[in-house]
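Enquirer: Protein chains in written order, with my numbering: chain A, 474 to 603; chain B, 202 to 697. From the three backbone atoms N, C-alpha and C, an ideal C-beta is built for every residue, glycine too. Being a predicted model, the structure only gives us computed values, none of them experimental.
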Amino acid sequence: MKFRLKAELRFNNRIVTKPLISTIAIRENSPINILWADINDKGGKVLVEIPDSRAEAILRAFEEEGVKVVRRLLIEVNEKCVNCGHCVTLCPTKALTLDESHTLKVDGENCVQCGRCVDACPMRAITLPP
Amino acid sequence: MPVKRTVEEINEKIKRGDAVVITAEEMVELVRSKGPEVAAKEVDVVTTGTFGAMCSSGAFLNFGHSDPPIKMEKITLNGVEAYHGNAAVDCYLGVTRMDPERPFEYGGGHVIEDLVAGKTIHLEATAYGTDCYPRRHVETDITIHDLNQAILCNPRNAYQRYVAATNGRDEVIYTYMGKLLPDYGNATYSGSGCLNPLSNDPDYETIGIGTRIFLGGGVGYVIGEGTQHDPKNGFGTLMVKGDLKQMNPKYLKGASFTKYGTSMYVGIGVPIPVLNVGLAEKTGVSDEEISTNLLDYGVPRRERPVLKRTNYKELKSGTITLEDREVPVEALSSLKVAREIALELKKWIEEGRFLLTKPVETLPLNVEFKPMKVTREMPTAGSVMVKAVTCETQESIEGVASKLIEHNVNHIVVVKEGCLKGIVTSFDVTKAVALGKTRLEDVMTRKVVVAYPEEPVESCVQKMTRHDISALPVVDRGSKVLGIVTSEVLTRLLRK
Chain A
474 MKFRLKAELR FNNRIVTKPL ISTIAIRENS PINILWADIN DKGGKVLVEI
524 PDSRAEAILR AFEEEGVKVV RRLLIEVNEK CVNCGHCVTL CPTKALTLDE
574 SHTLKVDGEN CVQCGRCVDA CPMRAITLPP
Chain B
202 MPVKRTVEEI NEKIKRGDAV VITAEEMVEL VRSKGPEVAA KEVDVVTTGT
252 FGAMCSSGAF LNFGHSDPPI KMEKITLNGV EAYHGNAAVD CYLGVTRMDP
302 ERPFEYGGGH VIEDLVAGKT IHLEATAYGT DCYPRRHVET DITIHDLNQA
352 ILCNPRNAYQ RYVAATNGRD EVIYTYMGKL LPDYGNATYS GSGCLNPLSN
402 DPDYETIGIG TRIFLGGGVG YVIGEGTQHD PKNGFGTLMV KGDLKQMNPK
452 YLKGASFTKY GTSMYVGIGV PIPVLNVGLA EKTGVSDEEI STNLLDYGVP
502 RRERPVLKRT NYKELKSGTI TLEDREVPVE ALSSLKVARE IALELKKWIE
552 EGRFLLTKPV ETLPLNVEFK PMKVTREMPT AGSVMVKAVT CETQESIEGV
602 ASKLIEHNVN HIVVVKEGCL KGIVTSFDVT KAVALGKTRL EDVMTRKVVV
652 AYPEEPVESC VQKMTRHDIS ALPVVDRGSK VLGIVTSEVL TRLLRK
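1) What is the DSSP secondary structure of B:Pro383, counted as helix, strand or coil?
2) I'd like to confirm the pairing. Which residues does DSSP put opposite B:Asn355 in its beta bridges?
3) Beta-carbon separation of B:Leu544 and B:Ser393 under 9 angstroms?
4) Leaving out five residues on either side along the sequence, give the residues of the same chain with a beta carbon under 7 angstroms from the beta carbon of B:Lys604.
5) Span of the beta strand (DSSP E) holding B:Ile408?
6) Quick one: Cα of B:Glu569 to Cα of B:Gly253, how far?
7) In chain A, what lies closer than 8 angstroms to B:Val538 by C-beta?
8) Following a CB-centred definition, is A:Pro492 positioned closer than 8 angstroms to any heavy atom of the ligand HEM?
9) My output table needs one value for B:Glu524: the three-state DSSP class, helix, strand or coil.
10) Could you say which of B:Gly679, B:Glu490, B:Lys571 and B:Arg554 lies nearest to B:Asp431 if we only look at CA atoms?
11) I need the straight-line Cα distance from B:Val601 to B:Met586, nearest angstrom please.
12) List, in chain order, every chain B residue whose beta-carbon is nearer than 8 angstroms to that of A:Leu508.
13) Quick check for students: name the residue ranges of the beta strand (DSSP E) that lie wholly in the segment 589 to 624 of chain B, counting only runs of 3 or more.
14) Would you please verify whether the beta carbon of B:Phe252 is less than 9 angstroms from any beta carbon of chain A?
15) Going by alpha carbons, who is nearest to B:Lys205 out of B:Val244, B:Lys460 and B:His311?
16) I want to verify the contact list: residues of chain A whose CB lies under 7 angstroms from the CB of B:Gly379, in sequence order.
17) I think A:Leu604 touches A:Leu478, with their Cβ atoms under 8 angstroms apart; what is that distance to the nearest whole Å?
18) Taking any Cβ of chain A, which residues in the segment 502 to 531 of chain B have a Cβ under 9 angstroms from it, in chain order?
19) Thinking C-beta only, is B:Leu546 closer than 9 angstroms to B:Thr248?
20) Looking at the C-beta of B:Glu227, does it have a partner C-beta in chain A at a distance below 9 angstroms?
21) The beta strand (DSSP E) that contains B:Lys433, what's its start and end?
22) Taking DSSP as the reference, what is the three-state secondary structure of B:Thr692?
23) State buried or exposed for B:Tyr452, treating a residue as buried only when at least 16 other CB atoms are found within 10 Å of its CB.
24) In the DSSP output, what is B:Leu422 paired with across the bridge?
25) Where do the N-terminal and C-terminal ends of the beta strand (DSSP E) with B:Glu282 fall, by residue?
26) Kindly indicate if chain A contains any beta-carbon less than 9 angstroms away from that of B:Phe415.
27) Distance check for B:Asp643 and B:Lys622, CA to CA, integer angstroms please.
28) Under 7 angstroms between beta-carbons, which chain A residues line up against B:Tyr466? List them in chain order, please.
29) Hey, out of B:Glu655, B:Thr639, B:Leu516 and B:Arg526, whose CA is closest to B:Val364's CA?
30) Give the straight-line distance between the Cα atoms of B:Val507 and A:Ile499, rounded to the nearest whole angstrom.
31) Note down the Cα distance separating B:Gly310 from B:Gly259, rounded to an integer number of angstroms.
32) Just mark B:Gly679 as buried or exposed, buried being the case when its beta carbon has 16 or more other beta carbons within 10 Å.
33) Given 8 angstroms as the limit, is there contact between the segment 409 to 423 of chain B and the segment 382 to 393 of chain B, that is, 3 or more CB pairs closer than that?
34) Output, in chain order, the set of chain A residues within a Cβ distance shorter than 8 angstroms of B:Ala456.
35) Is any beta-carbon of chain B found at less than 9 angstroms from that of A:Thr562?
36) Looking at chain A, is there any beta carbon in it that lies within less than 9 angstroms of the beta carbon of B:Asn387?
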């Protein structure tokens, strides 16, 4: 099973207490991998990984329950990057790598938005979309 | 017949457009496949390059006079203070000085990059006013074109090689060698190995005062050995200068190191004339032949422990082996840009736009890099610690309470066979009584912030402030408890 699609699920404070992820995982008969979760008084954000084959159905199910689904690249490296590679040593998921010519390659799909690289970049070239 | 060339002969060839120029990386391959004799015959010039954080950098700027004129006393450029200890409108802007409004994010290096990029810079200066310079305040917006001189002048650049860094502490540390993860989680290094300028001329036969170089995308000059020049250990450095107005922001970049400070990445390329077979062999130096040490930056002392001997081949491979572990390692400097610099300089020479110079005097080989003479020694955790009052994990709360009273202390270190297991404070005991807890293990802190004996007292104070605690058990690397540093001990130290 390919787990490629990552999406951020945003719950408002009215639905944050509902067991939505497990409910949908059972109903859709599909595993949902939680990469991280952040719950505060405004609601919650959960980064999940979903098998590609079931992605559309599962995300629709979340939307029907009032969850805001955000699908996008989770990391951006801008033109200030000088390809030093410091971030590569900090990335736990190989979302950031250097190729043979020492050019930084970004694989947004691997990023779990841990943020370790952001404050380490001497050029301040890395951003995680809010 | 052994090859012998002079710089003048090479320059004639450059002018004719038939000088053979290759980069130091290409030279490694050539020397490896054909040997130094053939390489010396075939090649006239080897170009080098490096692009990394060089904190000992800055620029002399002259703004011209305002009317009425001012003898600047305090001056800021985009909020970054410049040093003004010279004549009325001269200053030196250092790259590590930060804008207090944007600490660790924007500093002198960023101002220099912005100047070179042609951006508008906000200048503000104050003065006490004199009979000849009556003005006491000036505020204006300028660009590099408005300045009379903008001279990059860096006291120490282009280290021949540098150490690699990792972190043995149990917490993330932020250093000038970047962000280092706990427990040897990653490693960093600096320099471009076989492309490093001074590594290609380790006996300084061709580099010295007056050597024309690629500096920040423009032409610059070596003006002598850099500060902390350490030739005997293979850590030579360069002092360089060049006209900022000719430079390119691609090769001068302000840098931000979280919780450390700002700096600037400087691009430097030095051409090495292949005057003889010896220089062909030296410029053929490979990454593997340039060795350096991997140090534990977790130990905040001048002599950081050497964890292993390594070389630039291993460092460039992406992983470094540390005992039985594979630690991810990458540069903080940019190998990609270093290569571009060596190629750019090669192009300049091939196109006849850049001629080589013979130095007036080569870099010294016999100077030493001494440590600071400190006449007032700074205390360490080991020198100020007191004996720790300890107990075992099975100790009762009452037992702990009576020890606190008996020894008149606020902290008891929990040990098992002399090794650290936890810490319990008088507050923890009070809490245990209030909540009806009877077992020490329910109230003690297990994740203890510790100090090592060689750690400076200042670093202990930082740890205590950061974690909002009032004592640090002092342990050796095997967690054996040696003593304790408490806020009472530190207060007593201050009173002395």
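Expert: Result, derived from the coordinates:
1) Indexing the second sequence from 1 puts residue 383 of chain B at position 182. Here B:Pro383 sits in coil by DSSP.
2) For the purposes of this step, residue 355 of chain B is taken as the residue at position 154 of the second sequence. According to DSSP, which records beta bridges pairwise, B:Asn355 is partnered with B:Val441.
3) The residue given as residue 544 of chain B occupies position 343 in the second sequence. The residue given as residue 393 of chain B occupies position 192 in the second sequence. No, the Cβ-Cβ distance between B:Leu544 and B:Ser393 is not below 9 angstroms.
4) On the second sequence, residue 604 of chain B is found 403 positions in, with the first residue counted as 1. The beta carbon of B:Lys604 lies closer than 7 angstroms to those of Val590, Cys592 and Ile613 in the same chain, with the five residues before and after it left out.
5) Counting from one through the second sequence, the residue named residue 408 of chain B turns up at place 207. It is not in any beta strand (DSSP E) - B:Ile408 carries neither H nor E in the DSSP assignment.
6) Indexing the second sequence from 1 puts residue 569 of chain B at position 368. Indexing the second sequence from 1 puts residue 253 of chain B at position 52. If you take the alpha carbons of B:Glu569 and B:Gly253, they lie about 24 angstroms apart.
7) Walking along the second sequence from the start, residue 538 of chain B turns up at place 337. Listed along chain A are Val555 and Asn556, each with a C-beta nearer than 8 angstroms to that of B:Val538.
8) Although the ligand HEM was asked about, the structure shown includes no ligands whatsoever.
9) Translated into positions along the second sequence, residue 524 of chain B becomes position 323. Residue state, collapsed to three classes: coil.
10) On the second sequence, residue 431 of chain B is found 230 positions in, with the first residue counted as 1. When only C-alpha atoms are compared, the closest one is B:Lys571.
11) Along the second sequence, one-based indexing puts residue 601 of chain B at 400. Along the second sequence, one-based indexing puts residue 586 of chain B at 385. In this structure, the alpha-carbon of B:Val601 lies about 21 angstroms from that of B:Met586.
12) Looking up residue 508 of chain A in the first sequence gives position 35. The premise fails here: A:Leu508 is roughly 19 angstroms from chain B at the closest Cβ pair, so nothing lies under 8 angstroms.
13) If we require 3 residues or more, the beta strand (DSSP E) runs fully inside the segment 589 to 624 of chain B come out as 591 to 593 and 612 to 617.
14) Taking the first residue of the second sequence as position 1, residue 252 of chain B is located at position 51. Answer yes: the Cβ-Cβ gap between B:Phe252 and chain A drops below 9 angstroms somewhere.
15) In the second sequence, counting from the first residue as 1, residue 205 of chain B sits at position 4. With distances taken between Cα atoms, B:Lys205 lies closest to B:Val244.
16) Mapped onto the second sequence, residue 379 of chain B falls at position 178. Within 7 angstroms Cβ-Cβ: His559 and Ala593.
17) The requested residue 604 of chain A is not part of the displayed model; chain A covers only 474 to 603.
18) Lys517, Gly519, Val528, Pro529, Val530 and Glu531
19) Reading the second sequence from its first residue, position 47 is the one you call residue 248 of chain B. Reading the second sequence from its first residue, position 345 is the one you call residue 546 of chain B. Yes, they are a contact pair.
20) On the second sequence, position 26 is the one that residue 227 of chain B refers to. It does not; no Cβ of chain A falls within 9 angstroms.
21) Position 232 of the second sequence, counting from 1, holds the residue named residue 433 of chain B. No beta strand (DSSP E) contains B:Lys433, which DSSP labels as neither H nor E.
22) Along the second sequence, one-based indexing puts residue 692 of chain B at 491. Helix, per DSSP.
23) Reading the second sequence from its first residue, position 251 is the one you call residue 452 of chain B. It counts as buried.
24) As a first step, residue 422 of chain B must be located in the second sequence, where it is residue number 221. Note on residue identity: the sequence assigns Tyr, not Leu, to residue 422 of chain B. Note: B:Tyr422 sits in a beta bridge opposite B:Arg413 and B:Lys442.
25) Residue mapping note: residue 282 of chain B aligns to position 81 of the second sequence, counting from 1. Start and end: Val281 to Ala283.
26) Reading the second sequence from its first residue, position 214 is the one you call residue 415 of chain B. Chain A contact via Cβ: absent.
27) Looking up residue 622 of chain B in the second sequence gives position 421. Looking up residue 643 of chain B in the second sequence gives position 442. B:Lys622 and B:Asp643 have their alpha carbons spaced roughly 13 angstroms apart.
28) For this step, residue 466 of chain B is matched to residue 265 along the second sequence. Against B:Tyr466, the close residues of chain A are Val555, in the order they occur along the chain (beta-carbon pairs closer than 7 angstroms).
29) One-based indexing of the second sequence puts residue 364 of chain B at position 163. If we check each option's Cα against that of B:Val364, B:Leu516 comes out closest.
30) Start at 1 with the first residue of the second sequence, and residue 507 of chain B comes out as number 306. Start at 1 with the first residue of the first sequence, and residue 499 of chain A comes out as number 26. Looking at the two C-alpha atoms, the distance is approximately 54 angstroms.
31) Taking the first residue of the second sequence as position 1, residue 310 of chain B is located at position 109. Taking the first residue of the second sequence as position 1, residue 259 of chain B is located at position 58. Answer to the nearest angstrom: the Cα atoms are 7 angstroms apart.
32) For the purposes of this step, residue 679 of chain B is identified with residue 478 of the second sequence, where counting begins at 1. By the 10 Å Cβ count, B:Gly679 comes out exposed.
33) no
34) Position 255 of the second sequence holds residue 456 of chain B. Under the 8 angstroms cutoff, chain A gives Pro595 and Met596.
35) As a working mapping, residue 562 of chain A is identified with position 89 in the first sequence. A:Thr562 counts as touching chain B.
36) On the second sequence, position 186 is the one that residue 387 of chain B refers to. Yes, contact with chain A.
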